[in-house]
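The letter at position 102 of the sequence shown is residue 102 when you use full-length UniProt numbering, and the numbering goes up by one with no holes. Positions of the beta carbon are idealized from the N, C-alpha and C atoms, including for glycine. Since the structure is predicted, the reported quantities are computational estimates derived from the model, not experimental observations.
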Amino acid sequence: MTVLLFLPRAVLLIIWLLLGLLLVSAVFPYCTPAARSAITRRWSRVLLFFCGVRVEVSGQPIPHGPALWVANHVSWIDIFVINSVRPTSFIAKSEIRHWPVIGWLVSGSGTVFIERGHRHAVREVGQQMKARFERGEIVGLFPEGTTSPGYDVAPFHSSLFDPAIRVNVDIQPLALRFFHRGQRSDYVAFVGEQTLLRNMWRLLGTTGVSIELEFLAVMSGDYCAQHGRNKVSAHAHHVIRQAIVRRPH
């Protein structure tokens, strides 16, 4: 069953990823921002369909204008789940840039890469975040800094909350809950020493994967400026963790 599911899905996914590369390299440069957003949203939804992933969205996402979305991080597919609601420029570790196809794709679609351990990394990323906010874009941040099995939330790094607070944009926490065949599960979590290919084998070779994406209460720019990055980060962590652990495994 795994092979019979994996092979056709893998073929469709490869074709769709290659089409995505064509879009970001040959079509996006000539599109309006609104057209790019519409294409990205639809493309992400089709990718999730090819992967056999069903997404359930709850809460009220910020519909337009600049903002920072912060979420727990379970898998490489989180990016496409969020993009299926509203296209987002994500902060990602620089290693992803070198992943075959997916790395090239997210590079071409506006991802901001951070060189971890680089002395000026946070400042450089902050400048890129500011530029995106000024263009009215959403920036996505996974402040745990790594993936987890999805049953709890690791401590947040607060430094990249600061660029959003400095320009007074709203910050909205998001919670991602993963299920497999009706039960909370880490079956497709991209964790530990697992390779991307191995994770894709698990994802594409099974059925019944669903993800709940919950948009939590927005913290206004004024609230964030008043309380500072440490308190804002702590509050975001608290409400996301509440949303993650309140659901039974």
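Checklist entry - Are Val24 and Gly136 closer than 8 Å when you measure CB to CB? => result With contacts defined by Cβ atoms closer than 8 Å, Val24 and Gly136 do not form a contacting pair.
Checklist entry - Which residues share a DSSP beta bridge with Leu176? => result Its beta-bridge partners are Leu213.
Item to check | Rounded C-alpha distance that separates Leu196 from Ser210 | outcome: Using only the alpha carbons, I get a separation of about 19 Å.
Checklist entry - DSSP three-state call for Ile62: helix, strand or coil? => result When DSSP states are grouped into helix, strand and coil, Ile62 belongs to the coil group.
Item to check | Contacting residues, own chain, Cβ-Cβ under 8 Å from Ile240 (five flanking each side not counted) | outcome: If you ignore the 5 residues before and after Ile240, its C-beta comes within less than 8 Å of the C-beta of Val70, Ala71, Asn72, Val153, Pro173, Leu174, Ala175 and Leu216, all in its own chain and listed in chain order.
Checklist entry - beta strand (DSSP E) containing Leu68: first to last residue? => result DSSP places Leu68 inside the beta strand (DSSP E), whose first and last residues are Ala67 to Ala71.
Checklist entry - Since Ala243 is in the alpha helix (DSSP H), which residue starts that stretch and which ends it? => result Run containing Ala243: Gly221 to Val245, per the alpha helix (DSSP H) assignment.
Next on the checklist: Going by the DSSP bridge assignment, what does Ala92 pair with across the sheet?
Outcome noted: Here Ala92 is bridged, per DSSP, to Phe113.
Item to check | Length of the line joining the Cα atoms of Val74 and Trp16 | outcome: Those two C-alpha atoms are separated by around 23 Å.
Checklist entry - Closest by CA to residue 252, which one among Thr88, Gly20 and His64? => result Coverage of the chain is limited to positions 1 through 249, which leaves residue 252 absent and any answer about it impossible.
Next on the checklist: Whole angstroms are fine: how far does the CA of Val167 sit from the CA of Gln127?
Outcome noted: Roughly 11 Å separates the two Cα atoms.
Checklist entry - Near Pro143, what residues of its chain come up, given a Cβ to Cβ distance below 6 Å and the 5 sequence neighbours on each side ignored? => result Only Val70, Phe156 and His157 meet the Cβ criterion.
Item to check | Those runs of the beta strand (DSSP E) which lie wholly inside the segment 3-82 and span at least 3 residues | outcome: List check, beta strand (DSSP E) in window: 53-59 and 67-71.
Next on the checklist: Between Ser58 and Glu214, how many whole angstroms is the CB-CB distance? I'm expecting something under 8 Å.
Outcome noted: So it is a contact: roughly 5 Å between Cβ atoms.
Item to check | Proximal residues to Asp222 (C-beta, below 8 Å), its chain only, five neighbours per side dropped | outcome: Annotation for Asp222: Asn168 place their beta carbon closer than 8 Å to its own, counting only its chain and skipping 5 residues before and after.
Item to check | Status (buried if at least 16 other CB within 10 Å, exposed otherwise) for Thr40 | outcome: Burial is judged here by how many other beta carbons sit within 10 angstroms of a residue's own beta carbon; Thr40 has at least 16 and is buried.
Checklist entry - On the three-state DSSP scale, how would you describe Asp152? => result Coil.
Checklist entry - Any idea if Thr147 is buried or exposed, counting beta-carbon neighbours within 10 angstroms, 16 or more meaning buried? => result Thr147 is buried by the Cβ-count criterion.
Checklist entry - What whole-angstrom Cβ distance do Ile138 and Ser89 have, given they're in contact under 8 Å? => result Indeed they touch by this definition, with Cβ atoms about 7 Å apart.
Checklist entry - Nearest CA to the CA of Lys130: which residue from Gly228, Thr206, Ile91 and Val3? => result Of the listed residues, the one whose Cα sits closest to Lys130 is Ile91.
Item to check | Contacts around Gly103, its chain only, beta-carbon distance under 6 Å, and the 5 residues preceding and following it disregarded | outcome: Cβ neighbours of Gly103 beyond the five flanking positions: Ile96 and Arg97.
Checklist entry - Relative to the C-alpha of Arg9, which residue among Ser185, Phe80 and Leu48 is closest? => result Comparing Cα positions, the closest option is Leu48.
Checklist entry - Where does Asp186 sit, in a helix, a strand or coil, going by DSSP? => result If DSSP states are grouped into helix, strand and coil, Asp186 belongs with coil.
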